[in-house]
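Asker: Residue numbers (our numbering): 9 to 973.
Ideal Cβ positions, reconstructed from N, Cα and C, are used throughout, including at glycine.
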Amino acid sequence: MTHSLDLSEQQALLDKRNLQGSRYESPYYSGSEVTMLNQPGATSDLDTTSSAGVFKSRSVIQRPGENHYAEGLPIWRAALLVVNSALGAGILNFPQAYAQCGGITTALTAQMSLLVFITGAFLILAYCAENHGSQNFQEIIREVLGPGAYILTQIVIMLYMYGSTVAYMILIVGEAIDSTPGWYLSREFLMCAMCILFLLPLCLPKTLKVLSYSSALGTVGALFVCIVTAIKYFDGHHIDSKDYEEIEESWNWTQAFAAIPIICFGFQCHVPSVAVYAELKRASVPRFGIVVVIAMAICTTAYTITASFGYLTFGTSVKSDVLLSYPSNDILVNISRVTICLIVLSTGAFVVFCGRSCLEGLYLAAFRMPPTLAEIYEKRRRIIQTLVWFGSALIIAVYVKDIQKAIALIGGLAALFIFFYPGICLVQEMVQYPVLTMKRKLLILLGLWYVVVGVFLFADSEVFAIMQDIKGGTYFSRYSKFRAPENMNHSLNLLEKQALLEKNGVPNGHHECTVIHYNSSRDNVIGKPVANGDRDTISASCTVIQRSDGSGHFSKGIPIWRATLLVVNSALGAGILNFPQAYAQAGGIFTALIIHMCLLVFITGAFLILAYCAENHGSHNFQEIIGAVLGPRACVATEIVITLYMFGCTVAYMILIGDQLEKVGEAIDSTPGWYLQRKFLTGVTSLVFLLPLCLPKTLKVLSYSSFCGTFGAFFVSMVTAIKYFEGHHSDRKEFEEIELPWTTTFSSVPIICFAFQCHVQSVAVYAELKRASVPRFGIVVVIAMTICSTVYIITGTFGYLTFGTNVESDVLKSYPSNDILVNIARVTMCLIVLTSSAVVVFCGRSSLDGLYVAAFSVPPTKAGKDEKQRRIIEILLWFGLSLIISLCVQDVLYAITFVGGLAALFIFFYPGMCLVQEMLQYPVLTLTRKLLIGLGACYVVIGVFLFADSEVFAILEDIKGKVGS
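#1: Based on Cα-Cα distance, which residue from 774, 833, 850, 936 lies nearest to residue 803?
#2: Can you find the residues in the same chain that come closer than 8 Å, C-beta to C-beta, to residue 945, ignoring five residues on each side of it along the sequence?
#3: Below 8 Å CB to CB, which residues in the same chain sit around residue 146 once its five sequence neighbours on both sides are set aside?
#4: Are residue 914 and residue 952 close, meaning C-beta to C-beta below 8 Å?
#5: Are residue 326 and residue 107 touching if we call contact CB-CB under 8 Å?
#6: Within 10 angstroms of the Cβ of residue 451, are there 16 or more other Cβ atoms? Answer buried if so, exposed if not.
#7: Taking residue 891 as the reference, give the member of 699, 761, 958 with the closest Cα.
#8: Residue 690 to residue 729, Cα distance in whole Å?
#9: My guess is that residue 92 and residue 355 are in contact by the Cβ rule of under 8 Å, so how many angstroms apart are they, rounded?
#10: Do three or more CB pairs link the region 636-648 to the region 777-793 at distances below 8 Å?
#11: Is residue 743 helix, strand or coil by DSSP?
#12: Should residue 959 go down as buried or exposed, given a rule of 16 or more other Cβ atoms within 10 Å for buried?
#13: Counting Cβ pairs closer than 8 Å, one from the region 842-856 and one from the region 877-896, do we hit at least three?
#14: Classify residue 572 as buried or exposed, calling it buried when 16 or more other Cβ atoms lie within 10 Å of its own Cβ.
#15: Can you say whether residue 606 is buried or exposed, counting buried as having 16 or more other CB atoms within 10 angstroms of its CB?
#16: When you compare only the Cα positions, how much space is there between residue 457 and residue 434?
#17: Between the region 859-870 and the region 596-603, do three or more beta carbon pairs fall short of 8 Å?
#18: With DSSP run on the structure shown, which of helix, strand or coil describes residue 884?
#19: Report yes if the CB atom of residue 932 is closer than 8 Å to the CB atom of residue 658, and no otherwise.
#20: From residue 597 to residue 812, what distance separates their C-alpha atoms?
#21: Leaving aside the five residues before and after residue 427 along the sequence, list all residues of the same chain whose C-beta is less than 6 Å from its C-beta, in chain order.
#22: Could you please give the first and the last residue of the uninterrupted alpha helix (DSSP H) stretch that includes residue 338?
#23: Tell me, please, which residues DSSP counts as bridged to residue 566.
#24: Exposed or buried, which one is residue 397 when buried takes at least 16 other CB atoms within 10 Å?
#25: Taking 8 Å as the threshold, find out whether the region 170-181 comes into contact with the region 371-386 through three or more Cβ pairs.
#26: Taking one C-beta from the region 119-137 and one from the region 323-341 each time, how about it: are there three or more such pairs within less than 8 Å?
#27: For residue 207, does the three-state DSSP call read helix, strand or coil?
#28: Does DSSP put residue 7 in a helix, a strand or coil?
#29: To which residues does DSSP link residue 288 through a beta bridge?
#30: Classify residue 339: buried if its beta carbon has 16 or more other beta carbons within 10 angstroms, exposed otherwise.
#31: Helix, strand or coil, according to DSSP, for residue 496 in the structure here?
#32: With DSSP as the reference, label residue 111 as helix, strand or coil.
#33: So for residue 327, helix, strand or coil by DSSP?
#34: With distances taken between CB atoms, is the gap from residue 608 to residue 793 smaller than 8 Å?
#35: Can the beta-carbon of residue 647 be found less than 8 Å from the beta-carbon of residue 706?
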């Protein structure tokens with residue numbers, strides 16, 4: 009959404025708001041956030057410029073003049089704050105939410121659907137805060153909806169936060185520590201001691217900065233709780249499988265609405281998120297969007313793991329607090345209970361911060377305190393308000409041991425903060441524009457949808473809570489927390505740099521001696537320390553330590569969002585159609601999800617390892633990293649392997665295009681003519697659409713076309729879901745969780761690895777990333793893997809549920825050829841494959857060109873001059889040979905099963921070898937570097953094992969006459 013207005017729109021908007029000339033709102037200081045609360049008043053009432061830190065009136069289009077938060081929170085700390093404000097006790101309620109949804113599949117569908125709107129609400133609030141310079145949630149309501157709604161919202165927020173504070177205090181001891189004889193171990197003493205010693209100091213600071221450090225503890229605590237639920241499940245403490253089958257016969261889909269308030273309450277951190285945005289360094293909607301995506305990915309992972317294993321352990325018998333379902337004498341669970349105390353302590357501080365802000369706003373509005381006086385006594389007021397808030401909440405928590413019924417009534421307010429308020433704010437913001445474009449009209453409709461959903465969920469949750477109270481049941485809603493991954497430290501001090509140079513055979517004082525190496529895929533050079541006299545040689549090897557970014561060649565690279573689309577599109581190829589069969593081979597959805605998530609951890613880490621090596625050596629493609637780290641011979645061997653792998657993928661993609669278009673041709677005419685036959689459609693589509701995408705020198709043009717592929721992948725996943733809900737599914741016995749030997753599940757691993765294998769292409773994306781660095785590329789990878797996982801899970805789950813174990817390797821082949829929606833999906837799949845194939849050809853062409861330059865020792869000047877001619881010839885040969893093979897050989901699945909095992913090498917083996925070699929270059933091996941060597945060795949072992957396993961499996965399938973994948 010763009011916030012900029014031309015002069016005519018600005019003037020019209022000012023006229024509409026009656027903010028011309030002498031008419032404006034005089035500011036009132038808001039206390040704890042060093043902000044202003046605009047109240048109507050005359051211009052002579054207050055001196056708006058006499059107090060430092062007091063902003064002038066914020067109209068709809070005016071932001072504060074000074075960059076007040078220039079030294080604010082960085083992205084990683086802001087993400088921890090958002091994660092910590094969401095992850096409270098809600099992590100304990102999610103298993104019961106899964107039970108109420110009727111199973112994991114239904115719960116995941118509801119969770120992911122709500123997550124789209126939950127994430128959008130963050131961006132809406134950030135957009136409003138940016139427009140008005142607001143620094144907390146209630147200020148946004150005042151600026152957009154007026155002072156009446158502002159006061160009402162502050163009262164609602166204050167009641168909501170106060171009830172949450174009491175609930176957290178009860179949770180700290182009431183459920184975490186058993187009562188034991190002795191006053192020093194009594195519930196009341198322990199609660200007061202822990203709250204006063206640990207919670208109160210976190211509630212007193214003026215800003216959120218100190219809380220961002222404590223939030224790391226809560227994040228780690230939530231991760232520990234997730235691990236405990238998984239460990240307890242694999243320990244065998246689970247009930248018979250019939251108790252947690254997907255959707256019991258008596259289950260009705262309307263019962264899933266009972267779980268929606270739990271999910272909303274678990275993700276409800278929108279109120280404190282505005283304060284986080286206000287303190288974000290270089291605050292803007294795109295930067296805050298990165299914060300939100302990272303935070304929601306962490307929260308979703310924590311909730312999904314805990315809920316899945318908690319539900320699988322206890323089934324429908326799981327309690328609202330999953331830890332209460334375990335025996336009291338379990339040591340590991342008791343450690344988890346203490347860990348929950350850490351989570352609640354840090355989360356409770358956020359709740360008190362937001363509630364105190366509302367109380368301060370109401371106090372200043374009621375007494376109309378001038379800004380100068382308000383700032384002088386701000387600290388005194390803040391301490392008094394915190395002590396009153398804290399003390400009264402502690403008294404209630406001590407004497408009221410169970411406030412579940414009250415929390416049930418308050419919990420429905422979470423839907424208002426997530427849906428209703430953001431929706432009404434978006435509508436109000438859009439209608440202020442004098443010109444309603446189509447984009448703004450669509451945003452108005454989106455805002456109305458938010459409002460409707462918010463009102464419905466609020467009413468539904470409140471009615472459900474009342475009904476549960478009448479029936480004598482209990483209802484629940486709570487919070488939780490998580491942790492952000494640590495970044496590798498790539499920096500070297502001067503002594504280590506000197507030692508590393510000497511270790512690589514470069515004596516002191518001779519560091520400037522370099523040979524120019526031409527990089528075939530780029531118009532730049534890279535330097536490698538060599539001895540004098542070797543300057544006229546050129547090879548495929550890369551730099552050892554020097555990086556050639558001094559010229560600023562990449563200062564105008566691709567931004568994060570386009571780099572993300574490139575990585576997503578490199579992964580989203582034919583793999584999306586194979587995932588349903590991977591679920592079938594794994595024995596069901598639960599097992600497949602576990603394998604998926606475990607592999608995803610290593611897959612994501614491999615991206616960071618490759619980016620780390622590329623940053624150290626200035627490498628611009630995968631084979632250059634291998635040459636720089638493992639030597640020129642390994643580089644040549646790797647280029648040959650990459651060339652063969654990419655060529656096989658190109659052929660497979662062309663065949664896939666023919667498969668999809670052949671079905672479409674059959675739908676158009678049951679006896680198609682030559683113009684609707686497979687060979688003609690494949691040739692024309694490849695020549696007209698694929699070849700132009702393969703010719704450009706860089707990936708920039710592909711980043712634009714990759715958006716179509718990403719959108720197409722989402723469409724294909726939606727089609728599989730729609731077709732499932734239409735009722736075209738097999739008997740449920742065919743897709744129940746089935747007991748298979750654990751060795752059999754390995755047959756699904758190559759499919760998953762092949763689907764996520766975009767590590768070769770990712771190095772080229774990193775090289776063209778604007779202001780390339782490992783942290784920035786980490787953001788790209790996290791967002792890309794989240795998108796890919798979402799698409800794969802939706803397609804795999806619903807494709808498997810539709811056809812069960814009868815699903816084909818290409819799930820679209822399982823549908824009839826006369827299905828219109830599926831035919832649209834087939835055409836969409838062609839769009840995905842077209843953009844994915846272009847990236848594959850780009851990487852393969854780079855390897856082929858490197859082999860050519862190295863084999864014929866082409867001088868750098870001649871290599872640069874003939875680059876365009878060489879590139880075109882290589883592409884035409886590559887493209888033509890691939891097209892001929894794909895037309896003559898219509899089934900290359902046998903060959904792909906052998907080539908597919910190479911994906912494990914690119915994901916595990918090569919990154920592991922590079923990490924080990926990089927760490928061994930350091931003259932001093934610290935504990936961190938030793939651990940990284942161990943991690944690299946683990947990558948190597950896994951890579952070799954998966955490669956051998958997939959190849960052996962392919963051979964056995966070939967012998968049996970089956971088609972592997």
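Answerer: So, from the data block:
#1: Within the sequence shown, residue 803 is the residue found at index 795, counting from 1. Closest option to residue 803, Cα to Cα, is 833.
#2: The residue given as residue 945 occupies position 937 in the sequence shown. The answer, listed in chain order, is 920, 924.
#3: Taking the first residue of the sequence shown as position 1, residue 146 is located at position 138. Closer than 8 Å at the Cβ level, and outside the excluded window around residue 146, lie 158, 161, 162, 165, 365, 366, 369.
#4: Locating residue 914 in the sequence shown gives position 906, counting from the first residue. Locating residue 952 in the sequence shown gives position 944, counting from the first residue. No, the Cβ-Cβ distance between residue 914 and residue 952 is not below 8 Å.
#5: In the sequence shown, the residue the question calls residue 326 occupies position 318. In the sequence shown, the residue the question calls residue 107 occupies position 99. For residue 326 and residue 107, yes; Cβs fall inside 8 Å.
#6: Locating residue 451 in the sequence shown gives position 443, counting from the first residue. Buried, by the Cβ-count rule.
#7: Locating residue 891 in the sequence shown gives position 883, counting from the first residue. With distances taken between Cα atoms, residue 891 lies closest to 699.
#8: Along the sequence shown, one-based indexing puts residue 690 at 682. Along the sequence shown, one-based indexing puts residue 729 at 721. Straight-line Cα distance between these residues: approximately 28 Å.
#9: To locate residue 92, count along the sequence shown from 1; it is residue 84. To locate residue 355, count along the sequence shown from 1; it is residue 347. Contact holds; Cβ gap of about 6 Å.
#10: With contact defined as three or more Cβ pairs closer than 8 Å, the region 636-648 and the region 777-793 are not in contact.
#11: Position 735 of the sequence shown, counted from the first residue, corresponds to residue 743. Confidence at residue 743 is low in this model, with a pLDDT of 49, below 50, so its placement is unreliable and the value that follows should be read with caution. Coil, per DSSP.
#12: The sequence position of residue 959 within the sequence shown is 951, counting from 1. By the C-beta density criterion, residue 959 is buried, having at least 16 other C-beta atoms within 10 angstroms.
#13: yes
#14: Locating residue 572 in the sequence shown gives position 564, counting from the first residue. That one is buried.
#15: Taking the first residue of the sequence shown as 1, we reach residue 606 at position 598. Its Cβ having fewer than 16 others within 10 Å, residue 606 is exposed.
#16: Counting from one through the sequence shown, the residue named residue 457 turns up at place 449. Counting from one through the sequence shown, the residue named residue 434 turns up at place 426. Going by the C-alpha atoms only, they are around 11 Å apart.
#17: no
#18: As a working note, residue 884 is residue 876 in the sequence shown. The answer is helix: DSSP assigns residue 884 an H, G or I state.
#19: Reading the sequence shown from its first residue, position 924 is the one you call residue 932. Reading the sequence shown from its first residue, position 650 is the one you call residue 658. Taking 8 Å as the Cβ cut-off, residue 932 and residue 658 do not qualify as a contacting pair.
#20: To locate residue 597, count along the sequence shown from 1; it is residue 589. To locate residue 812, count along the sequence shown from 1; it is residue 804. Those two C-alpha atoms are separated by around 11 Å.
#21: Translated into positions along the sequence shown, residue 427 becomes position 419. Answer for residue 427: 458, 461, 462, listed in chain order.
#22: What you label residue 338 is simply residue 330 of the sequence shown in a count that begins at 1. In this chain, residue 338 is not harboured by any alpha helix (DSSP H), its DSSP state being neither H nor E.
#23: For the purposes of this step, residue 566 is taken as the residue at position 558 of the sequence shown. Its beta-bridge partners are 777.
#24: Sequence index remark: in the sequence shown, residue 397 carries index 389 (1-based). With 16 or more other Cβ atoms within 10 Å, it is buried.
#25: Cβ pair count under 8 Å is below three, so no.
#26: no
#27: On the sequence shown, position 199 is the one that residue 207 refers to. In this structure, residue 207 counts as helix in the three-state DSSP scheme.
#28: No statement about residue 7 is possible, as the shown extent of the chain runs from 9 to 973 and does not include it.
#29: As a position in the sequence shown, residue 288 is number 280, starting the count at 1. BP columns for residue 288 point to 81.
#30: Taking the first residue of the sequence shown as 1, we reach residue 339 at position 331. A residue is called buried when at least 16 other Cβ atoms come within 10 angstroms of its Cβ; residue 339 does not meet this threshold and is exposed.
#31: Taking the first residue of the sequence shown as position 1, residue 496 is located at position 488. Residue confidence is low: residue 496 scores 37 on pLDDT, short of 50, so the model does not pin down where it sits. Its coordinate-derived value is still stated next. In the structure shown, residue 496 sits in coil (DSSP, three-state: anything other than H, G, I, E or B).
#32: The sequence position of residue 111 within the sequence shown is 103, counting from 1. DSSP places residue 111 in coil when its eight states are reduced to three.
#33: The sequence position of residue 327 within the sequence shown is 319, counting from 1. Coil, per DSSP.
#34: As a first step, residue 608 is located in the sequence shown; it is residue number 600 there, counting from the start. As a first step, residue 793 is located in the sequence shown; it is residue number 785 there, counting from the start. Result yes, Cβ atoms of residue 608 and residue 793 sit closer than 8 Å.
#35: Taking the sequence shown and counting its residues from 1, the one referred to as residue 647 is at position 639. Taking the sequence shown and counting its residues from 1, the one referred to as residue 706 is at position 698. Taking 8 Å as the Cβ cut-off, residue 647 and residue 706 do not qualify as a contacting pair.
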